[in-house]
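Worksheet for the structure shown next.
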Amino acid sequence: MTIPITVRVQHDDFDVALETRMLTANRPDIGAVVSFVGICRVGEDDLAISEMTLEHYPGMAETEIRRHAEEARRRWPLAGVTVIHRFGTLTPGDNIVLVLTASSHREAAFQAAEFLMDYLKTNAPFWKSEKRLTGEGGVWVEACGKDDDATSRWERK
Numbered sequence: 001m002t003i004p005i006t007v008r009v010q011h012d013d014f015d016v017a018l019e020t021r022m023l024t025a026n027r028p029d030i031g032a033v034v035s036f037v038g039i040c041r042v043g044e045d046d047l048a049i050s051e052m053t054l055e056h057y058p059g060m061a062e063t064e065i066r067r068h069a070e071e072a073r074r075r076w077p078l079a080g081v082t083v084i085h086r087f088g089t090l091t092p093g094d095n096i097v098l099v100l101t102a103s104s105h106r107e108a109a110f111q112a113a114e115f116l117m118d119y120l121k122t123n124a125p126f127w128k129s130e131k132r133l134t135g136e137g138g139v140w141v142e143a144c145g146k147d148d149d150a151t152s153r154w155e156r157k
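Under full-length UniProt numbering, the first residue of the sequence shown carries the number 1, and numbering increases by one thereafter.
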């Protein structure tokens, strides 16, 4: 059976409960759903932000996210995957990303969700700029070292 993979890149917010119901409807084989919601946060000290802007390459972003969701399906016995990533200007408290992974058992769902989030944080074709509370604007942000380290653990040797 081909598992459902849903990938959307959108400006509008998402409803976590609705997306979870859609993933699990009429699926008695699903015993675990792991959900991750990334939320825009203020940050700390001189890095505190008032807003962030996410840009993407339309078409390419969806294709690359789907490719990684399919890789997760090959690595773990998944029953379904949903990835929704927002773009545009977001303020602290706004949802950024949703990753849902479903499986018969929790271990596969947890590992697949981590795999997908590590990819999204480091290599997905999104570009992020932040407007700081200090007034500094248009500061482009790159993945940090700990995110790169987390992603490297998934590389096949």
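Glycine included, C-beta positions come from ideal geometry on N, C-alpha and C.
A quick note: this is a predicted structure, and the numbers were derived from the prediction, not measured.
Bridge partners for residue i per DSSP, in chain order?
i: residue 190; result: The structure shown does not extend to residue 190, since the chain is modelled only from 1 to 157, so the question has no answer here.
i: A53; result: The question names Ala, but residue 53 is Thr in the sequence shown. Answer by DSSP bridge pairing, in chain order: T89, S129.
i: N95; result: I39
i: residue 158; result: The chain is shown only over 1 to 157; residue 158 falls outside these bounds and no answer can be derived.
i: T6; result: T82
i: V141; result: K128
How would you label residue i, buried or exposed, when you count the other beta carbons within 10 angstroms and need 16 or more for buried?
i: T82; result: buried
i: T101; result: buried
i: A69; result: buried
i: E44; result: exposed
i: G80; result: buried
i: V33; result: buried
i: E155; result: exposed
i: L18; result: exposed
i: D29; result: exposed
i: Y57; result: exposed
Please go through the same chain and pick out, in chain order, the residues whose beta-carbon is closer than 8 Å to the beta-carbon of residue i, but skip the five residues on each side of it.
i: K157; result: Confidence in K157 is poor, its pLDDT being 47 and thus under 50, which makes the residue's placement unreliable; the coordinate value appears in the next sentence. Result list for K157: empty, nothing under 8 Å.
i: L78; result: I3, A72, T101, A102, S103, A108, A109, A112
i: G31; result: S103, S104, H105, R106
Leaving out five residues before and five after residue i in sequence, what residues of the same chain have Cβ atoms less than 6 Å from its Cβ?
i: residue 182; result: Residue 182 lies beyond the stretch modelled for the chain, which goes from 1 to 157, so this question has no answer here.
i: A61; result: V9, P125
i: P92; result: C40, R41, V42
i: T89; result: E51, T53
Quick check: what's the CA-CA separation for residue i versus residue j?
i: N95; j: V37; result: 7 Å
i: I39; j: A113; result: 16 Å
i: A108; j: T134; result: 43 Å
i: residue 233; j: H105; result: Residue 233 is absent from the model: the chain starts at 1 and stops at 157.
i: E136; j: I5; result: 39 Å
i: H11; j: R153; result: 31 Å
i: T63; j: R132; result: 32 Å
i: L47; j: V141; result: 11 Å
i: T20; j: D13; result: 15 Å
Note down, in chain order, each residue of its chain lying with its Cβ closer than 7 Å to the Cβ of residue i, except the 5 sequence neighbours on either side.
i: Q111; result: W76
i: V16; result: S35, V37, L98
i: E130; result: I49, M52, V139, V141
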